[in-house]
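Undergrad: Take this structure first; my questions come after.
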Amino acid sequence: MNHKEHWWHQCVFIKRYMPEQDRYTYKQIIKELPKLKQTGYHALQITAPYLSSGFYPWWGLRVKDYFKPNIFLADTMNKFTELVDEVHQQGLKVLVFMNFGYGELHSDTWKNACKDKRNGVNSKEKQYFCWKDEHEIQKKGSHFLQGGRWAYSSEAGAWYWSYWGYDGNHEPQYNWHSKDFQSYVKKILTFWMNTGIDGVIVDAVNWYLNCDWQIIKTCVTDIIHSYPSACCIPEGGTGFGDDYLPWIEKGGFDIIEDQTFESDVHWNGSAVMDALKMKNAEPIRNRLAVCVSARQRGIPSWSYLSWDQSAWTPKRRLMEIAILLATGHMIEIIPDYLKNFSKTELEAFEKLLSYGKYDCFAPICKRKELVTEKKTHLFVLMCEGKEWDGRCEFDFSKGTYQFNILPKK
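In terms of our numbering, the sequence shown opens at residue 1083 and continues consecutively.
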C-alpha cells in the first residue's frame, strides 16, 4: 500500500532519558549525542520534560507546572530549546513523554481548584477536575474506570474523582469533558511543540476520564500535526487487545505502542519471554500478523523492553532486542536495563544498534517468514529494504539469534 513517507518510518532505536529518576541534565545529554549518533540511535525520548513533584517511582510524570522544565534537566526553557537544537544538529530526533491524565496534590493548579471549590468560585481550574456533587462519571472513551474511586479533599471540602494513587494518596483525575481543560491541554502542547520537538508520547491515554476519539484528536493529535513532520504516540494504545485502526483513523495517532509483543498482562508481559520459556516460536508468530497489517498501512509499532527486569538476563535481553528489530519495531532503550551487561554483551548490543542503519530493518519495510520444516523452536524472517536484505534466524531452544545482511542484487 502506498503511503506518505515520514522520518519515523526509518526510526529504529530510541534512547530514553528520565531526568527525575536518573538526574540527567541537558549538558550531559548534549555530551552524549555524538556517541548516540555514532552507535546507531535515531532519536531520544525525555520522560517527562516539565517540572514535576519529584516523586521518584513515577519518573517525573506527576506534574507540578507544565510550563517549566524539569529542574534536573534544565533551569530555563532556553536551555531545553538549546538541547533540542543540539539534537537536531546531530541528525537525531527528540520526543517527549507527557501525562494529561491526572493532576498532582501539591501543585498550584490543584490547590487553586480546591480553594475555588470551597469558596463556590466556578473557575477554570476548578473545572479541570471532577467533583462528586457536580458530575456523574461518564465512561465513554475510558477503558478501565472500574479501578477509580471518589476521594475526599479537606482543602476543597468535597469529593473528587481519582484513578491513580500511592501510599493512600489519590491523585485527582483530569476531566476531559471540561472545555476549559481541553483548552488547557492545547495550550500546553503548543508551548512544548514550539520548542522544536519532533513528537509527543501521550501517557496512559486509555484511562483519560470522559475522553473520546474526537476530543483526543481535536486537543492532542491535531495540535501536534499542525507542526511539520511531528508525530504522536499513544502510550498503551492497543496494549489490551483492542483494534489498532481506531487509534489511527479516529484518534489521529501516527504510531501504535504495544500492538503485538505484549502479553495479556500489560507492562509485564512479553511474547519473547513466552517463546523462550516454551522453546517455541509460536508466541512470536501469533503476534506478527497484526504488526504486518499495520505496517502495510504505513503504521509503525513502538515498543519498550519488558518492564519485568527480574527474569531478564543479558542474554535474554539481547534476544528480545533482536526480535523487536527483526519484526519491525521502533525500540526504546532504557539505559538501566543494560547495567548488568558485560563488555562482551555491550558489544553485542552495539552490534544490534548498528543494524538499525540498514533500510531492511526500518519499521515499515516488508517482512516474510521463511518455512522451517515444522521446527517449532526456529523462527526465520527475511527483511526486505530498497538497498539491503536481512535474514534473521532465531533458535528459541537455545536462546540465540543470527543476522545475515546482504546488499540488493
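Every residue gets a Cβ at the ideal spot worked out from N, C-alpha and C, and that includes glycine.
These figures come from a predicted structure and were not determined experimentally.
#1: Measuring alpha carbon to alpha carbon, tell me which residue in Glu-1475, Leu-1118 and Cys-1293 is nearest Met-1401.
#2: Specify, as a first and last residue, the run of the alpha helix (DSSP H) that Val-1166 falls within.
#3: I'd like to check one pair, Thr-1277 with Phe-1149: are the Cβ atoms closer than 8 Å?
#4: Find the nearest neighbour of Leu-1174 within the set Cys-1442, Gly-1410, Val-1462 and Gln-1120, judged by alpha-carbon distance.
#5: Closest to Glu-1237 by C-alpha separation, out of Trp-1141, Ile-1297, Leu-1143 and Asn-1201, would be which residue?
#6: Quick check: the stretch 1441 to 1456 against the stretch 1123 to 1134, are there 3 or more CB pairs under 8 Å?
#7: Under three-state DSSP, which class holds Asp-1280?
#8: Within 10 angstroms of the Cβ of Tyr-1123, are there 16 or more other Cβ atoms? Answer buried if so, exposed if not.
#9: Just how far apart, CA to CA, sit Ile-1416 and Lys-1097?
#10: Taking the Cβ atom as the reference point for each residue, do Arg-1105 and Phe-1154 lie within a distance shorter than 8 Å?
#11: In chain order, what residues of the same chain have a beta carbon less than 7 Å from the beta carbon of Trp-1192, not counting five sequence neighbours either side?
#12: Would you say the stretch 1100 to 1115 touches the stretch 1422 to 1434, given that touching needs at least three Cβ pairs under 8 Å?
#13: Consult DSSP for Ser-1135 and reduce its assignment to one of helix, strand or coil.
#14: Output the distance between the C-alpha atoms of Thr-1395 and Asn-1422, rounded to the nearest integer angstrom.
#15: Apart from the five residues on each side of it in sequence, which residues of its chain come closer than 7 Å, Cβ to Cβ, to His-1459?
#16: Straight-line CA distance for Gln-1209 to Ser-1189?
#17: Rounding to the nearest angstrom, what Cα-Cα distance links Ser-1357 and Ile-1405 in this structure?
#18: What's the call for Gly-1333, buried or exposed, on a 16-neighbour Cβ count within 10 Å?
#19: Return helix, strand or coil for Gln-1378, following the three-state DSSP convention.
#20: If you drop the 5 nearest sequence neighbours on each side, which residues of the same chain put their C-beta closer than 7 Å to that of Phe-1095?
#21: One question on the structure: do Cys-1313 and Asp-1294 come within less than 8 Å of each other, judged by their Cβ atoms?
#22: What's the gap between the Cα of Lys-1222 and the Cα of Gln-1172?
TA: So, to answer that:
#1: Glu-1475
#2: 1159 to 1171
#3: No, they are not a contact pair.
#4: Gln-1120
#5: Cα-wise, what sits closest to Glu-1237 is Asn-1201.
#6: no
#7: coil
#8: buried
#9: 6 Å
#10: yes
#11: Gly-1185, Glu-1186 and Pro-1254
#12: no
#13: coil
#14: 8 Å
#15: Lys-1361, Asn-1362, Ala-1363, Asp-1477, Phe-1478 and Ser-1479
#16: 15 Å
#17: According to the sequence shown, residue 1357 is Ala rather than Ser. Approximately 11 Å, taken between the alpha carbons.
#18: The residue is buried, with at least 16 neighbouring Cβ atoms inside 10 Å.
#19: helix
#20: The residues Gly-1122, Tyr-1123, His-1124, Ile-1413, Ile-1415, Leu-1435 and Gly-1438, in chain order, have a CB closer than 7 Å to that of Phe-1095 in the same chain once the five nearest residues on each side in sequence are set aside.
#21: no
#22: Caution applies to Lys-1222, whose pLDDT of 46 falls short of 50 and renders its modelled position unreliable; the value that the coordinates give is listed next. Rounded to the nearest angstrom, the two C-alpha atoms are 43 Å apart.
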